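Written below as structure tokens is the structure these notes are about.
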Amino acid sequence: MTGSATKHGRGDAGMRIEKVGVVGCGFMGAGIAQVCARSGYDVVVVEDNEKMLGKGMAVIEYYLGRDVEKGRISQQERDLAWARIRGSILLEELDDRDLVIEAIPEDLELKKTVFSELDQLCSDRTILCSNTSCLSVTELAGATGRPGKVIGTHFLSPVPRSKLLEIVRADTTDDDTLETVQRFGRSLGMETLVASDTPGFVFNYLLCALIGAAVRLVESGVASAEDVDRSWTLGMGHHIGPLALADFNGLDVGYMVARAMHERSGDPCLAPSALLKEMVESGRLGRKTGEGFYKYNAER
Ligand SMILES: NC(=O)c1ccc[n+]([C@@H]2O[C@H](COP(=O)([O-])OP(=O)(O)OC[C@H]3O[C@@H](n4cnc5c(N)ncnc54)[C@H](O)[C@@H]3O)[C@@H](O)[C@H]2O)c1
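Sequential numbering of the sequence shown, starting at 541, is according to my numbering.
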């Protein structure tokens, strides 16, 4: 878990990464910062304000403690990882970073503004990454004067348990940046795959098409939500069905992502169904509101 020269691939072709920046310390940013620090990187994580920063840092501290409790890392590894993470509310504190990962909300204009600011303050060699789920990485690259050094790093949740980093190559990303980020992903203990910059890339395209098909089966009365999920859990041996997963993620989030991906691609597989829209508009958002395709109580 410590950052050795070998682990970070020093001496290989491509750029050497030691200092990592993370913008946004919410659900994903906190996980990304934690994993990077655990893998030996010096991490600065930047939030919008002190309150959110305090919250995000507390989450990182809590989950590092849980890693020790569960025997995933030793107390010493936890202490070293925690010492490697610094929080700030100033984007300028990222000016010495080798690689910066943006993990702010899924809003193209907001992300473009941050990319443009990072471009102004970081050195020319800094690689700028986005954790976007479905926005165009090429458009983000266009907001900078270094389009060759912009790339998508789509971490999956929960980041500390995830074994996969989906790398999104923008139309402009250069070979050196791609190679460096692939090596960076492996140094975090993850396998990497490279996708081109299309709506949803690989993982979210598959997920969105699957959940969309499951919703349409219920909508058209082919089977109940329970039976659609059972076909997947029993037939495929997965621990959760697509509709229970949609409830877990939040139907509003699923609807927003499907709509954005459909608007960008026109692909009918991605079109959110009328049933999903109706559920979102009536406030049935899944687990978080107590009802979606299933009903939930406090114990469930
Ligand atoms: N939630 C998931 O399961 C998931 C999975 C993969 C990718 N993503 C993507 O990751 C990104 C972040 O998602 P999330 O779920 O962590 O969102 P989140 O809302 O939990 O966290 C976003 C954080 O960014 C902060 N922020 C907003 N503007 C900022 C700014 N200008 N500077 C610094 N911080 C700022 C917010 O205060 C918030 O804490 C999105 O692009 C999302 O699509 C999410």
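Glycine residues also receive a C-beta, built at the ideal position from the N, C-alpha and C atoms. In this text, all values refer to a predicted model and were calculated from it rather than measured experimentally.
(1) For the region 758–808, list the beta strand (DSSP E) runs that are entirely contained and at least 3 residues long, ordered along the chain.
(2) Cα-Cα, which of Ala-753, Pro-808 and Glu-759 is closest to Trp-772?
(3) Determine the direct distance from the alpha carbon of Gly-790 to that of Lys-756, and round the result to whole angstroms.
(4) When the distance is taken between beta carbons, is Met-819 closer than 8 Å to Leu-810?
(5) Could you give the first and the last residue of the continuous beta strand (DSSP E) run that contains Arg-626?
(6) Beta-carbon within less than 8 Å of Ile-707's beta-carbon, same chain only, minus the 5 sequence neighbours each way: which residues are those?
(7) So is Met-568 buried or exposed if we call it buried at 16+ other beta carbons inside 10 Å?
(8) What does DSSP give as the partner residue(s) for Glu-617 in the beta ladder?
(9) Check whether the region 580–589 touches the region 620–628, counting contact only when three or more Cβ pairs, one atom from each stretch, lie closer than 8 Å.
(10) So, are the CB atoms of Asp-638 and Glu-558 less than 8 Å apart?
(11) Less than 7 Å between C-beta atoms, sequence neighbours within five positions excluded: which residues of the same chain meet that for Val-575?
(12) Which same chain residues end up closer than 8 Å to Ser-673 when comparing Cβ atoms and leaving out the 5 residues on each side of it in sequence?
(13) For Asp-582, report the span of its beta strand (DSSP E) as first-last.
(14) Using the C-alpha atoms, what's the distance from Val-758 back to Ala-749?
(15) Going by DSSP, which residues form a beta bridge with Thr-732?
(16) For Arg-709, which of Val-742, Thr-653, Lys-610 and Ser-579 has the nearest alpha-carbon?
(17) For Asp-711 versus Thr-684, is the C-beta spacing smaller than 8 Å?
(18) In the DSSP assignment, what residue or residues form a beta bridge with Leu-639?
(19) Could you check which residue in Glu-649, Leu-746 and Met-555 has the C-alpha nearest to that of Asp-502?
(20) Under DSSP, the alpha helix (DSSP H) around Phe-724 begins and ends at which residues?
(21) Which partner residues of Thr-693 appear in the DSSP bridge assignment?
(22) Among the candidates Arg-612, Gln-660, Ser-697 and Leu-675, whose CA atom is the shortest distance from the CA of Arg-686?
(23) Run through DSSP, which three-state label would Lys-595 get?
(24) For Gly-571, which three-state DSSP category applies?
(25) Consider the C-beta atom of Phe-695 and the heavy atoms of ligand 1; say whether any pair is separated by less than 7 Å.
(26) Give me the DSSP bridge partner(s) of Gly-826.
(27) Would you check if the distance between the CB atom of Val-768 and the CB atom of Gly-781 is smaller than 8 Å?
The structure says:
(1) none
(2) Ala-753
(3) Checking the displayed sequence, the identity of residue 756 turns out to be Arg instead of Lys. In a straight line, the C-alpha of Arg-756 is about 17 Å away from that of Gly-790.
(4) no
(5) 625–628
(6) Ile-691, Gly-692, Thr-693, His-694, Leu-718, Val-721, Gln-722, Gly-725, Thr-732, Leu-733, Val-734 and Ala-735
(7) buried
(8) Note: Glu-617 sits in no beta bridge, so no partner.
(9) yes
(10) yes
(11) Val-699, Pro-700 and Leu-728
(12) Glu-646, His-694, Gly-740, Asn-744 and Val-797
(13) 582–586
(14) 15 Å
(15) Leu-705
(16) Val-742
(17) no
(18) Val-560 and Ile-667
(19) With the chain covering only 541 through 840, there is no way to say anything about residue 502.
(20) 715–727
(21) Ile-707
(22) Gln-660
(23) helix
(24) helix
(25) yes
(26) Glu-831
(27) yes
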